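Working notes, structure below.
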Amino acid sequence: MAGLASGGAEREGRDSQTTIAIRRGLRRALTASAGAHALIAALDLLGYGERSRERKMSKTVADVLVGALEQIGVKHIFGLIGDSLNPLADAVRRSKVEWIGVRHEEGAALAAAGQAKLTGQLAVCAGTTGPGSNHLVAGLYEACRDHAPVLALSGDMPRKFHGTDYIQTTEPDLLFRDVSLYTETIASAAQAAAVIHQAIAAAYAGPGVAHLTLPQDVLAAKAAGSVSSIATLRPRPEFAANEQDVAEMARRIDAVDRVVIICGAGCHGAIEELRRLSDRLKAPLVHSFRGKELMAYDDPRWMGGLGIIGTKPVYEAVQDCELLLMVGTDYPYSNFLPDKDKVIQIDVRPQVLGRRARTTLGVTGSARPTLALLLGKVAQKTDGLFWDLVTRERRKWDEMLDRQADLRRSKDNLHPQVVARAVSDLANPDAIFVLDTGLNTLWSANWIRQTGSQRILGSFNNAAVGTALGQANGVQALERSRQVIALIGDGGFNMLMGEFLTAVQHKLPVKLVIYDNSALGLITLEAESVGLVPFRQAIEFPNPDFAALARACGGRGFVARNPAELMSALVEAFAGEGPAIVDAVVVADEMPNLPHVDLEQVGHFALARIKEAVLAVTGG
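Residue numbering for the sequence shown follows the numbering used here, beginning at 210 and increasing consecutively.
See below:
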């Protein structure tokens, strides 16, 4: 007892001395001469200082995860908070990573996908146990199908509840298997660092989606170490094709006169090589939808796109050439590609070679170094007749596009081509356009005149409606001062309109332009293309006042029903701070240009219109 009393007295003495020291430190901090350093020291003694916290706290699994993300340059985590994510949230709170709370988890996955598509760097999204994580899946297909590195985090119940049919029980690793290159549950703190490394490495290797399930008790557990080999977690490096393949390409190119080069997203970084190759071969450069952004629309080599998002001169050039060189593109619409053995394809992915068109030579390699080698081997061509023909037809097509986008064409109404062209002409030279899916994609992609310094994102391979706003939020978070313009149909906006609140809350100044025709316009076109009467009761719908909605959310809103209102609305929306909506009320019966329509399809369109006219009279 005496020993206990003596120990107690000693502790009291130490406590008293600590209290005196704290008081003296605080008193010094309040004097002009002491400044902030003494205050920090006093707080440290009290147990509130940073150094004291670091002494008292060892790292949790959540700390290790967030620390690794910080080290590789992740700036944001997009998600909706929940109890299983609380340890993660606490680690984020103490880090330099910004948590961006969305209104729907699909919006989180879309935001991460948009970031990853734009930069090629890892982006991160998170959802809590069960339903919260389930909502991520639809948005993650954007990253999956467009090969963008995203890490998806699923909160999960503590392990003691696994296998008991507990509330919100799911099997995340099973659910995420289709959308992910890698999916794993971190079952113990001991394995956490290694699994985190493996997930990030898999996302970059694809590139694509990696997924981790994080039980709450594991996230909060003391970590057994940090993620090592951080320097290995980066995008795949470029590599050149082998010399034999390059030599064979050159031999085949030299043997023909008419060459066309189709460029896809894999050509990023290879612009100068493409220009030099085009000049040497007198070969028109054409592009996939994803490749549109690579060069300015008025570059004389850049002839336009292939397909419905494209031009008739390009389609005819691709059919008439003697050799089609496909570079960095897995263009999916085989009906627009040649059905003859005249294709050479260059891609980093050997599995895509030859699967879209009859291909005589498949070459595995990155665009820039492979084209640089090719330039050293191909001969200069002198016959410019094919080039001149494609150029003349391209000018005629461009003149038609200009007439359709002329403001004077729309008097007391608005044509969608006018909206797209006005947005394009008023946008900043380095703006980022994010396009949604539907008939609005055709208006935007065909009438935007890109500068070559602008970026264009969309749902390229997933072709999902309602994805533009979520992706735009993710892109805007990277650089709030850069202009980001989302062009979206009213049907798509209705799906995830709550993400406009995300933009307002986190001061993401996205400018949203809505093609408002109160219908799912592409569904009408698709029905008519096979001779069916559009099911109007399912296709058409009423819309709210989008401008009023924007203002109710804390943003700015404008309505445009004619050219004068459109121009003033766009100018004011683009010039002002913060997120804004321009509700462009467009005519609903405008037909897009169809660069390649066979006689059977023409008959189907005509038959559908006749059927609809008859039904309107008979009421059938």
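Ideal Cβ placement from N, Cα and C applies to all residues, glycine included. Predicted model only: the values in this text are computed from it and were never measured.
Pairing phenylalanine 767 with aspartate 792, the inter-Cα distance amounts to about 6 Å. Rounded to whole angstroms, the gap between the alpha carbons of serine 543 and alanine 399 is 50 Å. Here aspartate 556 is not near aspartate 529, since their CB atoms are 8 Å or more apart. Residue environment for glycine 372: exposed (fewer than 16 other C-beta atoms within 10 angstroms of its C-beta). Listed as beta-bridge partners of glutamate 749 by DSSP are Ala728. Annotation: the continuous beta strand (DSSP E) that includes glutamate 307 extends over 307-310.
Sequence-distant partners of phenylalanine 287 (beyond 5 residues in either direction) whose C-beta falls short of 6 Å from its own C-beta, in its chain, are Ile309, Val311, Ala317, Ala320, Ala321 and Cys334.
Three or more pairs of CB atoms, one per stretch, sit closer than 8 Å, so the stretch 395-409 contacts the stretch 266-284. Within the stretch 372-444, complete alpha helix (DSSP H) segments of at least 4 residues are found at 381-384, 398-414 and 425-429, given in chain order. The DSSP-derived three-state label of isoleucine 290 is coil. Each of Ala414, Leu384 and Thr573 was checked against the Cα of alanine 449, and the nearest Cα belongs to Thr573. Burial of glutamine 613 is indicated by the presence of at least 16 other C-beta atoms within 10 angstroms of its C-beta. A Cβ-Cβ distance of about 20 Å is found for the pair glycine 667 and phenylalanine 783, leaving them out of contact under the 8 Å criterion. If you keep only unbroken beta strand (DSSP E) runs of at least 3 residues inside the stretch 751-778, you get 765-769. In this structure, the alpha-carbon of isoleucine 665 lies about 11 Å from that of alanine 681. Counting only the Cα atoms, isoleucine 281 lies some 8 Å from arginine 443.
Taking all protein chains shown into account, glycine 537 has 16 or more neighbouring C-beta atoms within 10 Å of its C-beta and is therefore buried. Between arginine 603 and the set Ala410, Gly571 and Trp511, the nearest pair of CA atoms involves Trp511.
Straight through space, the alpha carbons of arginine 460 and valine 495 are spaced by roughly 22 Å. Across the set Gly478, His805, Val632 and Met609, the C-alpha of Gly478 shows the shortest separation from the C-alpha of glutamate 447. Its Cα nearest to that of leucine 580, the residue Leu483 stands out among Leu483, Ile376, Asp387 and Gly700. Within the DSSP secondary-structure output, tryptophan 511 pairs in a beta bridge with Leu494. With contacts defined by Cβ atoms closer than 8 Å, valine 388 and leucine 349 form a contacting pair. Collapsing the DSSP output to three states places valine 283 in coil.
Here leucine 721 carries a strand assignment [DSSP, helix/strand/coil]. Counting along the chain, methionine 609 sits inside the alpha helix (DSSP H) bounded by residues 594-613. DSSP lists Ile471 and Gln554 as the bridge partner or partners of methionine 535.
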